[in-house]
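Under the working numbering, the first residue of the sequence shown is numbered 7, with each subsequent residue one higher.
Using N, Cα and C, we set each Cβ at its ideal position, and we do this for glycine too.
What follows is one structure encoded as C-alpha cells, with my remarks underneath.
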Amino acid sequence: MSFTIEKIHCDAANESCIKAVHSSGLQVFISEKPDFNLNYAVFGTHYGSVDTEFALGDEPMQTVPEGIAHFLEHKLFEGEDGDAFEKYAVTGASANAYTSFDRTCYLFSCSERFYENLDILLGFVSSPYFTPETVNKEQGIIGQEIRMYEDVPGWRVLFNLLRIMYHNHPVKVEIAGTVESIAQITDKTLYDCYRTFYNPSNMFLCLCGNFDTERVLKTVEEKIKPATVPEIHRSEFSEPCTLVKSYCEQKMPVAQPLFVVGIKDNILKLNRTQKDIIASELLLEVTAGKLSPLYNRLLNDGLINNKFGSEFFCGHGYAALLFEGESKQPETVRDAILSEIKAIAENGVDPLLFEDARRDFYGNEIRSFNDTEETVDGFIDCAMNGFAPFEAIEVLKSITADDITERARSLDLSLNALSVIKA
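Now the structure itself:
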C-alpha cells in the first residue's frame, strides 16, 4: 500500500491509534474500537468560509464569492450518478456535512454496512459534478437558508459581534454568504475551488469504530488516487489591531436579552500550538467557567443563567475569547469578566482553582476516547493544526498556573466588544 504508517500509543489513556499518510498526501487517522457498536467517519478538507482569496501554485491570486465553500459542500452531495443521501438511506447510515470558517467536513455514523458507507463517502466527495442548471437551482435553496438565519437571534448576536470586531477579515462574513454573493457563483468557480482545496494533500479522513484498519486503508487506496501536490497560497488578510466599534445592539423578539462579549486577541494569529489553545481554554475556565467563583457569583445574583458559556474562537488570521449567554444586564456581566481577567493578570491565577480546572480538562480528555464522535473530533483538530494524537494529554500534564497567568497578561483588555440582542 502507498502509505506511511505510524502507530501511536498513549499510556495515560490506554489508547492507541494509527496515523497513515497516503502517497497523495491525504492524512488518515484511525481508532479501532472492537467493543463499540457505532462507527463514525469524517472526510474533510482544510477549506472554509474565510478562504475567499487564494492562488494555486504559480497561478495569480483570485477572489471568489463569499459563501462558496458552503455552497460547494451542498453541491457535492448531488453527483452525476445520483444523490449521496439517497445512497445512505439504502444502507441505513446517518449522514451529514458542515462548513465552518476554516474547514468543510462530510460525515456518517452507522452500526452496520460500514465499508459500503465508507465507499459512498469517499466516492461522492471525490466526484464533483456541477452544471449551470444545478447551480442555479441551489442558489434558490441556499438563498432561503440565508434568509432563515437572518431571523435566528443566537446567530445574529455572534455575527453582529464579529462585524464590530473585525475590519477586513472575512470571518465577519456569514458562512453561507449573502443572497447577492451566492448569485455570483458559477459551475466554473465551483470547479476552481474544488481543484484547489479538495486535493487529497489538503484533506483528512478520521475514523473511529468497530472495523478493520487494513480494510479501511485498502478502501482508501482504491478510491483515492495519487495526485500532484499543489502549493495553496491563502490570503494573509490585512487586519488592524483595533476594533471597528465596541458595542452593537439589535432588536428582535427574544424572551431574555442575548449577549456575546468578545476580546480580540492580536497575539496568537498563526501557528498556534496545542499549549496556546489549552492555555486559552483554561483561562476561560478559571475566569468564568462553572468551577470559578465569578460564574457562581453571577449566577447567584441572577445576572446569568445556565446557558452562559465561553469559547476560544480562533483560525487563520483571527482569534478572540468569547463569553455568551442571556442577561438583563449584559454590560455588568462584561465588566465583571474584564475585571476578573485583569485580576488574574495582576495577581496570578488561584493555584487551587487552576488545579481543579486542569484536572477537569484532563479527565474530559481521557473520557473523550470512550466516544466515537469526540475521538474523531480530536483527530480533526490534529489534522487541521498539525498536532499529534494524544498531545493534549501531555500538555495538560505539564501546563502550570503561571502559563495561565501569562496568557491573561498577553491580552489587551481594551479590545473588548459587546453584542446584544434585545426585544
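Asked, Found
"Within its chain, find whatever has a CB closer than 6 Å to the CB of residue 198; leave out the 5 residues flanking it on each side and keep chain order.", "none"
"Closer than 8 Å by C-beta to residue 185: which residues in its own chain qualify, once you throw out the five before and the five after it? Chain order, please.", "149, 152, 153"
"Hey, out of 41, 63, 42, whose CA is closest to residue 237's CA?", "63"
"In this structure, how does DSSP classify residue 272 when only helix, strand and coil are distinguished?", "coil"
"Which term fits residue 6, buried or exposed, when burial requires 16 or more other beta carbons within 10 angstroms of its beta carbon?", "For the chain, the structure presents residues 7 to 429; residue 6 sits outside this window and is missing."
"So, residue 177 versus residue 321, is the Cβ gap smaller than 8 Å?", "yes"
"Go ahead and pull the three-state DSSP assignment for residue 318.", "strand"
"For the stretch 286-299 and the stretch 346-360, state whether three or more C-beta atom pairs, one from each stretch, are separated by less than 8 Å.", "yes"
"Output the distance between the C-alpha atoms of residue 103 and residue 65, rounded to the nearest integer angstrom.", "30 Å"
"For residue 342, verify whether its CB is less than 7 Å away from any heavy atom of the ligand COA.", "The ligand COA is absent from the structure shown, which contains no ligand whatsoever."
"Considering just the uninterrupted stretch of the alpha helix (DSSP H) at residue 345, what are its terminal residues?", "336-353"
"With DSSP run on the structure shown, which of helix, strand or coil describes residue 84?", "strand"
"Locate the alpha helix (DSSP H) running through residue 394, then write down its first and last residues.", "From DSSP, residue 394 is part of no alpha helix (DSSP H); its letter is neither H nor E."
"At the level of alpha carbons, what is the spacing between residue 97 and residue 118?", "8 Å"
"Among residues of its own chain, excluding the 5 on either side of residue 53, which ones have a beta-carbon nearer than 6 Å to its beta-carbon?", "75, 110, 203"
"Mapping DSSP to helix, strand and coil, what is residue 308?", "coil"
"Are the stretch 248-268 and the stretch 160-179 touching, with three or more C-beta to C-beta distances below 8 Å?", "yes"
"If you run the structure through DSSP and keep just helix, strand and coil, what is residue 35?", "strand"
"Please state whether the Cβ-Cβ distance between residue 71 and residue 181 is less than 8 Å.", "no"
"Quick check on this structure: which residue in 211, 313, 324 has the alpha carbon closest to the alpha carbon of residue 243?", "324"
"In terms of residue numbering, what span does the alpha helix (DSSP H) encompassing residue 187 cover?", "185-188"
"So, using beta-carbon positions, are residue 267 and residue 165 closer together than 8 Å?", "no"
"Which runs of the beta strand (DSSP E) spanning at least 3 residues fall entirely within the stretch 231-285, listed in chain order?", "238-240, 253-257, 264-270"
"Taking the straight line between their C-alpha atoms, what separation do you get for residue 359 and residue 291?", "9 Å"
"Figure out for me which residue from 143, 162, 174, 214 has the closest Cα to the Cα of residue 189.", "143"
"Let's see if you can read the secondary structure: which residues bound the beta strand (DSSP E) around residue 114?", "110-116"
"Residue 13: which of 31, 38, 30, 32 sits nearest, CA to CA?", "38"
"I'd like the span of the alpha helix (DSSP H) that includes residue 225, first residue to last.", "219-229"
"Per DSSP, what kind of secondary structure is residue 136 in: helix, strand or coil?", "coil"
"Count the other C-beta atoms from every protein chain shown that fall within 10 angstroms of the C-beta of residue 286, then say buried if there are 16 or more, exposed otherwise.", "buried"
"Determine the closest residue to residue 100 out of 114, 108, 87, 106, with distance taken between C-alpha atoms.", "114"
"Roughly how many angstroms lie between the CA atoms of residue 58 and residue 210, to the nearest whole one?", "21 Å"
"Return the first residue and the last residue of the beta strand (DSSP E) that residue 49 is part of.", "45-51"
"In the DSSP assignment, the alpha helix (DSSP H) including residue 372 goes from what residue to what residue?", "357-373"
"Could you pull out every residue in the same chain whose Cβ sits closer than 6 Å to the Cβ of residue 246, ignoring the five residues on either side in sequence?", "173"
"For residue 50, count neighbouring Cβ atoms within 10 angstroms of its own Cβ and tell me buried if that reaches 16, exposed if not.", "buried"
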